[in-house]
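Q: Chains as they are written, first to last, in my numbering: chain A, 259 to 629; chain B, 216 to 432.
All C-beta atoms, glycine included, are put in the ideal place defined by N, C-alpha and C.
Below are the structure tokens for one structure; questions will follow.
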């Protein structure tokens with residue numbers, strides 16, 4: 259019997275990201291210092307509205323522009339990607355996002371300026387980027403809300419393990435817009451409070467942040483590897499999980515099996531909502547009682563479909579620096595004793611679990627191992 | 216070449232049918248009360264997934280270029296008092312989630328893809344490589360005339376679902392993907408849909424290095 263391709267090691271040749279705190283190195287350094295990128299800004303950007311915690315890229319203004327204000331960020335990120343004939347047959351690209359350029363559709367709706375449509379629909383946004391970044395057309399596009407990046411990594415891994423590619427580029431991004439901020443505000447979880455992930459308090463709240471990241475994968479050895487990947491989709495409710503936490507546990511079962519014997523720390527999803535935060539922290543503490551748990555969304559905000567890849571790039575920087583940032587903005591009491599509110603030395607660990615969740619009770623996780 | 220055998224094909228081809236008529240026509244296959252908030256795309260996807268009945272251990276691969284354009288359009292119109300219901304319904308994988316949430320049907324593997332010219336190639340690739348005994352490849356679009364003029368909506372409503380496995384016995388056909396030297400290639404979702412509907416074979420370069428092969432028994 260052959261093992262699942264999702265539990266065969268996948269070499270991470272390069273990673274990088276952009277957040278409101280800068281590139282991966284600057285973001286990790288900022289998190290280690292406890293910096294909070296979130297600030298109170300109008301929920302509808304240039305159209306005003308309630309102040310809510312947002313962490314946009316520093317170079318972006320509040321208005322949706324044509325071309326979008328986030329393009330320079332993606333240009334700078336793409337310049338970090340190792341050279342390869344990306345988008346050719348043996349070097350596929352996997353673009354993942356939840357919202358693509360949906361802020362442009364919002365702007366078109368408001369202004370009827372057709373220039374916004376160049377980055378409106380997902381296929382238009384990806385084609386615009388493909389031409390701008392000089393990629394061929396072997397570009398798969400995946401969109402599974404806030405587990406999009408994980409799903410991209412998983413599908414890319416299968417293509418590599420099947421021998422259909424020499425290397426694969428996973429490229430992920432999501433940017434704040436009135437479309438997205440207005441939606442989470444309407445759901446009342448983006449509100450007037452700053453997020454405090456995994457903290458047991460009266461009111462839950464999330465923040466939203468700009469995020470973009472990439473990973474180059476191949477079947478090489480050494481360095482950092484994705485040792486296992488898993489997903490699970492509860493399909494219990496659009497915006498709630500099963501109250502017994504069964505979906506979290508079901509996703510983590512293959513990861514737990516692959517992690518046997520490793521000393522782990524965990525980068526959780528941890529947006530700042532109460533119910534999901536409690537279920538996540540309690541489930542992780544039960545399955546991995548020795549593993550400290552952190553979330554960085556109390557500083558960076560939730561970078562939506564890109565969060566899995568953004569936080570993977572930060573994790574790799576944290577491993578290089580020897581210290582893991584704690585859960586910025588969290589304070590006791592927390593939902594589990596394993597929640598780490600302060601940074602810690604990570605030299606004694608040999609694995610990291612990274613987990614993300616999404617609408618529909620979607621769960622995704624991967625095990626990162628390193629030499 | 217990688218391939219799987221086709222064990223079920225389900226098609227919805229309502230074309231220009233109005234959403235209210237689709238809702239009325241398909242009401243009985245959904246749990247009571249669940250169709251009220253479903254989109255037209257959710258309804259037709261539900262119809263094609265109904266006979267195939269996704270199970271927890273299946274891999275579900277979903278392909279749509281435009282996806283929830285009706286919900287998206289209505290959500291944009293709801294500003295400045297944004298609708299939470301339309302927001303969550305407007306996300307790309309919503310159609311399949313509407314169907315499976317209505318039936319509380321968990322699945323371990325769910326892969327929603329979008330794109331346009333190479334969408335079929337990558338959806339087929341994802342379905343064929345999924346480590347599951349049965350892969351369900353489904354997809355579709357809903358008609359949006361107002362959006363069509365800006366190339367942001369589909370001219371037709373349609374949906375399909377295929378059940379795929381490695382078992383050749385009793386198969387209706389085969390879906391495969393062959394590595395090729397083709398530097399380019401494309402198959403759009405409506406073309407793939409019409410080949411399924413008409414039981415027409417396909418052998419076309421669908422993306423760089425990838426040829427999609429559809430054959431019928």
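Sorted by chain position, which residues of the same chain lie with C-beta nearer than 6 Å to residue 312/A's C-beta, five sequence neighbours on each side aside?
A: Your numbering for residue 312/A matches position 54 in the first chain. Taken in chain order, the residues that qualify are 299, 434, 466.
Q: Any idea if residue 231/B is buried or exposed, counting beta-carbon neighbours within 10 angstroms, 16 or more meaning buried?
A: For the purposes of this step, residue 231/B is identified with residue 16 of the second chain, where counting begins at 1. Under this definition residue 231/B is an exposed residue.
Q: Output yes if chain B places a C-beta closer than 9 Å to the C-beta of residue 366/A; else output no.
A: Working through the first chain from its first residue, we reach residue 366/A at position 108. By this cut-off, residue 366/A is an interface position.
Q: Measuring alpha carbon to alpha carbon, tell me which residue in 391/A, 553/A, 474/A is nearest residue 340/A.
A: Working through the first chain from its first residue, we reach residue 340/A at position 82. Selected option, being the one with the closest Cα: 474/A.
Q: Can you give me, in chain order, the residues of the segment 343–366 of chain B that have a beta carbon less than 8 Å from any beta carbon in chain A?
A: Answer set for the segment 343–366 of chain B: 344, 345, 346, 365, 366.
Q: Can you check whether the C-beta of residue 323/A is within less than 9 Å of a C-beta belonging to chain B?
A: For the purposes of this step, residue 323/A is identified with residue 65 of the first chain, where counting begins at 1. No, because no Cβ of chain B sits closer than 9 Å to the Cβ of residue 323/A.
Q: Mind checking the segment 487–501 of chain A against chain B and listing, in chain order, the residues whose C-beta falls within less than 7 Å of any C-beta there?
A: For the segment 487–501 of chain A, which is checked against every Cβ of chain B, the residues closer than 7 Å are 489, 490, 491, 492, 493, 494, 495, 496, 497.
Q: Kindly list the residues whose CB is nearer than 8 Å to the CB of residue 259/A, restricted to its own chain and excluding five residues on each side of it in sequence; keep chain order.
A: Within the first chain, residue 259/A is the residue found at index 1, counting from 1. Per-residue confidence for residue 259/A stands at a pLDDT of 37, beneath the threshold of 50, marking its modelled position as unreliable; the derived number appears in the next sentence. Contacts found: none.
Q: Under a CB-based cut-off of 9 Å, is residue 533/A close to chain B?
A: Here residue 533/A corresponds to residue number 275 of the first chain, with the count starting at 1. No, its Cβ sits nowhere closer than 9 Å to a Cβ of chain B.
Q: For residue 426/B, go through chain A and note every residue whose CB falls closer than 8 Å to its CB, in chain order.
A: Within the second chain, numbered from 1, the residue matching residue 426/B stands at position 211. Neighbours of residue 426/B on chain A: none; closest Cβ ~11 Å, over 8 Å.
Q: Quick one: grab the DSSP three-state call for residue 305/A.
A: Within the first chain, the letter at position 47 stands for residue 305/A. Helix, per DSSP.
Q: Please list, in chain order, all residues of the same chain as residue 285/A whose beta carbon is under 6 Å from its beta carbon, the five residues on each side excluded.
A: Here the question's residue 285/A lines up with position 27 in the first chain. Counting only Cβ-Cβ distances below 6 Å, and skipping sequence neighbours, we find 277, 279, 572.
Q: Using 8 Å for Cβ pairs, my map puts residue 363/A next to residue 291/B. What's the rounded Cβ distance?
A: Position 105 of the first chain, counted from the start, is the residue given in the question as residue 363/A. Position 76 of the second chain, counted from the start, is the residue given in the question as residue 291/B. That pair is a contact at about 7 Å.
Q: Between the C-alpha atoms of residue 373/B and residue 379/B, what's the straight-line distance to the nearest angstrom?
A: Walking along the second chain from the start, residue 373/B turns up at place 158. Walking along the second chain from the start, residue 379/B turns up at place 164. Roughly 20 Å between the two C-alpha positions.
Q: Would residue 313/B pass as a contact of residue 252/B if the rule is Cβ separation under 9 Å?
A: Position 98 of the second chain, counted from the start, is the residue given in the question as residue 313/B. Position 37 of the second chain, counted from the start, is the residue given in the question as residue 252/B. Their beta carbons are under 9 Å apart, which means residue 313/B touches residue 252/B by this criterion.
Q: Taking its Cβ as the centre, do 16 or more other Cβ atoms sit within 10 Å of residue 216/B, making it buried, or is it exposed?
A: Your numbering for residue 216/B matches position 1 in the second chain. Looking at its Cβ environment, which holds fewer than 16 other Cβ atoms inside 10 Å, residue 216/B is exposed.
Q: Which ranges does the alpha helix (DSSP H) cover as unbroken runs of at least 4 residues, wholly within the segment 316–396 of chain A, from first to last along the chain?
A: Whole alpha helix (DSSP H) segments, 4+ residues: 329–336, 360–369, 380–391.
Q: Which residues share a DSSP beta bridge with residue 405/B?
A: On the second chain, residue 405/B is found 190 positions in, with the first residue counted as 1. Bridge partners of residue 405/B: none, in fact.
Q: Between the alpha carbons of residue 367/B and residue 377/A, how many angstroms are there, rounded?
A: Start at 1 with the first residue of the second chain, and residue 367/B comes out as number 152. Start at 1 with the first residue of the first chain, and residue 377/A comes out as number 119. Distance between the alpha carbons of residue 367/B and residue 377/A: 11 Å.
Q: Any residues in the segment 296–328 of chain B with a beta carbon nearer than 7 Å to a beta carbon of chain A? Which ones, in chain order?
A: Those would be 297, 298, 299, 302, 303, 306, 307, 308, 312, 315, 316, 319, 320, 321, 322, 323, 324, 325, 326, 327, 328, in chain order.
Q: Starting from residue 436/A, follow the alpha helix (DSSP H) in both directions and report where the run begins and ends.
A: Position 178 of the first chain, counted from the first residue, corresponds to residue 436/A. Element bounds for residue 436/A: 436–444.
Q: Within the continuous alpha helix (DSSP H) that includes residue 544/A, where are the two ends?
A: Counting from 1 along the first chain, the entry for residue 544/A is found at position 286. Run containing residue 544/A: 532–545, per the alpha helix (DSSP H) assignment.
Q: Less than 9 Å between the beta carbons of residue 398/B and residue 394/A, yes or no?
A: Within the second chain, residue 398/B is the residue found at index 183, counting from 1. Within the first chain, residue 394/A is the residue found at index 136, counting from 1. Yes, the Cβ-Cβ distance between residue 398/B and residue 394/A is below 9 Å.
Q: Taking 9 Å as the cut-off, decide whether the C-beta atoms of residue 375/B and residue 354/B are in contact.
A: By 1-based counting over the second chain, the position of residue 375/B is 160. By 1-based counting over the second chain, the position of residue 354/B is 139. Cβ distance < 9 Å, so residue 375/B and residue 354/B count as in contact.
Q: What does residue 391/B touch in chain A if you count any residue whose Cβ is under 8 Å from its own?
A: As a first step, residue 391/B must be located in the second chain, where it is residue number 176. Result: empty, since nearest Cβ-Cβ is about 13 Å, beyond 8 Å.
Q: Give a yes or no on whether the minimum CB-CB distance between residue 305/A and chain D is below 9 Å.
A: Looking at the structure shown, chain D is missing, and the protein chains on hand are A and B.
Q: Let's test the definition: count the other Cβ atoms within 10 Å of the Cβ of residue 316/A and tell me whether it reaches 16, buried, or not, exposed.
A: Against the first chain, residue 316/A aligns to sequence position 58. Its Cβ having fewer than 16 others within 10 Å, residue 316/A is exposed.
Q: Consult DSSP for residue 284/B and reduce its assignment to one of helix, strand or coil.
A: Working through the second chain from its first residue, we reach residue 284/B at position 69. Residue 284/B falls in the helix class under three-state DSSP.
Q: Once you ignore the five residues that flank residue 238/B on each side, which residues in its own chain have a CB closer than 7 Å to its CB?
A: As a working mapping, residue 238/B is identified with position 23 in the second chain. Once the five neighbours on either side are set aside, the close Cβ partners of residue 238/B are 250, 258.
Q: Can you find the residues in the same chain that come closer than 6 Å, C-beta to C-beta, to residue 292/A, ignoring five residues on each side of it along the sequence?
A: Taking the first residue of the first chain as position 1, residue 292/A is located at position 34. Once the five neighbours on either side are set aside, the close Cβ partners of residue 292/A are 586.
Q: Using beta-carbon positions only, say whether residue 530/A and residue 463/A come within less than 9 Å of one another.
A: To locate residue 530/A, count along the first chain from 1; it is residue 272. To locate residue 463/A, count along the first chain from 1; it is residue 205. A contact, by the Cβ cut-off of 9 Å.
Q: Quick check: the Cα distance between residue 561/A and residue 568/A, rounded to an integer number of angstroms?
A: On the first chain, position 303 is the one that residue 561/A refers to. On the first chain, position 310 is the one that residue 568/A refers to. So the alpha carbons of these two residues sit roughly 8 Å apart.
Q: What are the start and end residues of the alpha helix (DSSP H) that includes residue 250/B?
A: Here residue 250/B refers to the residue found at position 35 when the second chain is read from its first residue. Residue 250/B -> no alpha helix (DSSP H), and no H or E assigned at all.
Q: Following the continuous alpha helix (DSSP H) through residue 234/B, name the residue where it begins and the one where it ends.
A: Looking up residue 234/B in the second chain gives position 19. First-last of the alpha helix (DSSP H) with residue 234/B: 234–241.
Q: Going along the chain, which residues of the segment 562–596 of chain A sit with their C-beta nearer than 7 Å to a C-beta in chain B?
A: Here the close residues number zero.
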